[in-house]
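Read the structure below first, then the notes.
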Amino acid sequence: MAAIAEPYRIKMVEPITLTTRAQREEAIRAAGYNTFLLRSDDVYIDLLTDSGTSAMSDRQWSALMLGDEAYAGARSFDHLVAAVRDNYGFPYVCPTHQGRGAEHLISKILIRPGQHVPGNMYFTTTRLHQELAGGTFHDVIIDEAHDPGSLHPFKGNIDIGKLEALVAKVGAENIAYVNVAVTVNMAGGQPVSMENLRAVREVCDRHGIILWSDATRLAENAWFIKHREPGYADRSSASIAREMLSHVDGLTMSGKKDCLVNIGGFLAMRDERILLKARELVVVYEGMPTYGGLAGRDLDAMAVGLHEALDDDYLTHRIGQVAYLGERLSAAGVPIVRPTGGHAVFLDAAAFLDHLSQDELPAQSLAAEIYLDSGVRAMERGIVSAGRDDQGRNRHPKLELVRLTIPRRVYTNSHMDVVADSVIRVHERRRDIGGLEFVYESPTLRFFTSRFAPIAPDVDGSMAGLERGGRDTAALAALA
Ligand SMILES: Cc1ncc(COP(=O)(O)O)c(C=O)c1O
Ligand SMILES: N[C@@H](Cc1ccc(O)cc1)C(=O)O
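Residue numbers (the working numbering): 210 to 689.
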């Protein structure tokens with residue numbers, strides 16, 4: 210697949226800040242070594258997330274101006290419904306303020322306490338909402354997804370054998386629904402094949418189980434099917450996305466990703482009974498069913514963005530940019546999850562810092578080191594993100610990763626070169642990097658707000674001079 214240049218011209222720019230090493234040392238200490246707690250002004254290239262960080266197009270900005278801010282019955286809602294119907298094929302839509310708003314509602318609607326929810330690898334907010342509704346999440350993704358080196362083209366696939374085994378064990382009536390994420394964020398932005406979606410549908414039909422989708426990165430998944438699955442090369446990603454969704458009963462969407470907006474989400478479905486339930490709940494937790502916690506202009510921008518994200522040239526450039534960064538790192542011997550996925554390059558922190566145990570939080574430490582080196586902000590996706598189980602024990606996920614997440618239409622490959630050079634530099638002196646420990650552990654979704662301190666001094670200055678072995682008193686003082 211030949212790389213293409215940005216299929217757009219840049220009409221507006223936002224200056225970003227270059228920082229000194231001394232400023233970054235101060236900033237990461239103040240942030241308790243948690244990149245989520247850095248101030249954006251202290252970040253040079255921000256690869257924390259692809260969520261809500263897209264650049265909107267001139268069409269989307271125009272749509273914002275046309276937003277209808279009526280409390281009820283706004284035409285902006287009609288625009289969103291039409292876009293979802295035309296692009297995704299669902300007649301019913303319930304907007305929410307973002308993806309987890311939709312997850313909250315669908316978990317409350319479909320899960321009875323004690324039921325089980327199989328899915329293709331956990332996502333933090335998804336699993337939490339399933340648990341809060343009384344459900345138990347089960348990972349039924351194929352084993353290859355847990356192996357950073359496996360080159361399986363569809364590492365997001367559900368393992369049909371694992372799914373069938375769970376149904377046999379707990380009984381179909383105790384499965385609330387099957388949730389299939391496209392792509393799979395925590396596995397590295399890995400896609401699900403159409404063949405797999407069909408097979409999962411067949412299992413669900415045979416057992417009378419609802420099939421739902423977390424379609425947050427639907428467009429990127431469709432592009433992978435076009436380029437990797439036999440029979441789809443001549444199809445548009447838009448038509449492939451439509452076919453993918455024909456296999457599911459409904460979806461939750463974080464519009465902040467593949468709808469190219471800074472805020473927004475929704476539920477979409479075919480069953481009017483689910484819509485009615487969603488409307489009963491949305492007025493309690495989000496807002497009127499025609500705005501769901503959003504401004505009318507947000508609905509309009511999302512209606513335009515969800516269509517733009519399905520454009521093949523846009524997708525070829527976007528996924529090509531992720532691959533470009535991945536190839537630069539692989540060529541230098543940096544261990545990454547392969548093949549690269551749709552939204553991010555994931556560093557294999559366990560292999561990168563193989564002198565650290567998982568309990569020394571290698572991914573958290575690596576993300577802090579990369580920030581210290583260059584001001585590039587990444588995100589931990591390992592033991593800290595996985596949290597604790599219902600017995601209060603740390604979960605030890607097989608993947609211990611750092612995510613370099615690429616916002617949509619925001620950075621050029623010159624930025625990717627700066628990122629690659631920095632990660633390669635850090636890799637060259639990896640033996641000097643020590644681990645971290647918690648100094649404050651947040652009880653829920655702990656990766657967002659916990660604070661850390663170095664547990665081991667290094668020899669030549671990476672985190673040297675900040676804190677040596679033990680508690681980060683400055684960080685604790687800042688917290689108090
Ligand atoms: C796969 C996936 N599902 C759900 C969500 C939740 O979406 P939001 O951040 O809009 O609440 C996210 C991002 O958080 C995600 O990446
Ligand atoms: N969904 C967004 C924001 C987010 C980040 C981490 C989370 O665990 C939850 C939400 C992302 O994947 O970047």
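All C-beta atoms in this analysis are idealised placements derived from N, C-alpha and C, irrespective of residue type, glycine included.
Given N383 as reference, the closest of R451, G502 and L319 once Cα atoms are compared | L319
For I545: DSSP bridge partner residues = L556
In the DSSP assignment, find the unbroken alpha helix (DSSP H) run with H361 in it and report its ends.
-> Where H361 is concerned, there is no enclosing alpha helix (DSSP H), given that its DSSP letter is neither H nor E.
Do you know offhand how far N430's Cα is from V389's?
-> 12 Å
Would you call the CB atoms of T305 and V491 closer than 8 Å?
-> yes
Does the beta carbon of F555 fall short of 7 Å from some heavy atom of ligand 2?
-> no
Buried or exposed: where does G670 fall if 16 or more other Cβ atoms within 10 Å of its Cβ makes it buried?
-> Only weak support is given to the placement of G670: the predicted model assigns it a pLDDT of 48, under 50, and the value that follows is read from those uncertain coordinates. Exposed: under 16 other Cβ atoms inside 10 Å.
Which of helix, strand or coil DSSP assigns to E571 | The residue asked about is misnamed: residue 571 is Pro in this sequence, not Glu. In the structure shown, P571 sits in a helix (DSSP, three-state: H, G or I).
Could you check which residue in G644, G276 and L654 has the C-alpha nearest to that of F661?
-> G644
In three-state terms, what does DSSP make of R478?
-> It is worth fixing the name first, because residue 478 is Met in this sequence and not Arg. It is a strand residue.
Which one of R655, V349 and V391 has the shortest CA to CA distance from K371?
-> V349
Do the stretch 554-569 and the stretch 217-236 touch if we need at least three Cβ pairs shorter than 8 Å?
-> no
Given a threshold of 16 other Cβ atoms within 10 Å of its Cβ, counted over all protein chains shown, does H605 qualify as buried or as exposed?
-> exposed
In angstroms, rounded to a whole number, what distance separates the CA positions of A577 and N329?
-> 29 Å
Since P548 and L360 are thought to touch, with beta carbons under 8 Å apart, how far apart are those beta carbons, to the nearest angstrom?
-> 6 Å
Consult DSSP for A214 and reduce its assignment to one of helix, strand or coil.
-> coil
Tell me which same chain residues have a C-beta within less than 7 Å of the C-beta of F647, skipping the five on either side of it?
-> S659 and F661
Three-state secondary structure (DSSP) of L227 | coil
Simplified DSSP state of M462, which is helix, strand or coil | strand
Going by the CB atoms, is the gap between V401 and G365 shorter than 8 Å?
-> yes
Same chain, Cβ closer than 6 Å to L454, neighbours up to 5 away in sequence not counted | Y297 and G298
Cut-off 7 Å between Cβ atoms - residues of its own chain near A504, not counting five sequence neighbours on either side | G276 and E278
Given a threshold of 16 other Cβ atoms within 10 Å of its Cβ, counted over all protein chains shown, does E481 qualify as buried or as exposed?
-> exposed
Starting from the N-terminal side, write out each stretch of the beta strand (DSSP E) that is 3 residues or longer and does not extend beyond the stretch 579-624.
-> 588-590 and 610-614
Whose CA, out of V393, P652 and S316, lies closest to the CA of A354?
-> V393
In angstroms with no decimal places, state the Cα-to-Cα distance between R451 and L565.
-> 45 Å
Could you tell me whether any non-hydrogen atom of ligand 2 is closer than 7 Å to the CB of S263?
-> no
Neighbourhood of G473 by C-beta, 6 Å cutoff - its chain only, sequence neighbours within 5 removed | G464, L503, D507 and M511
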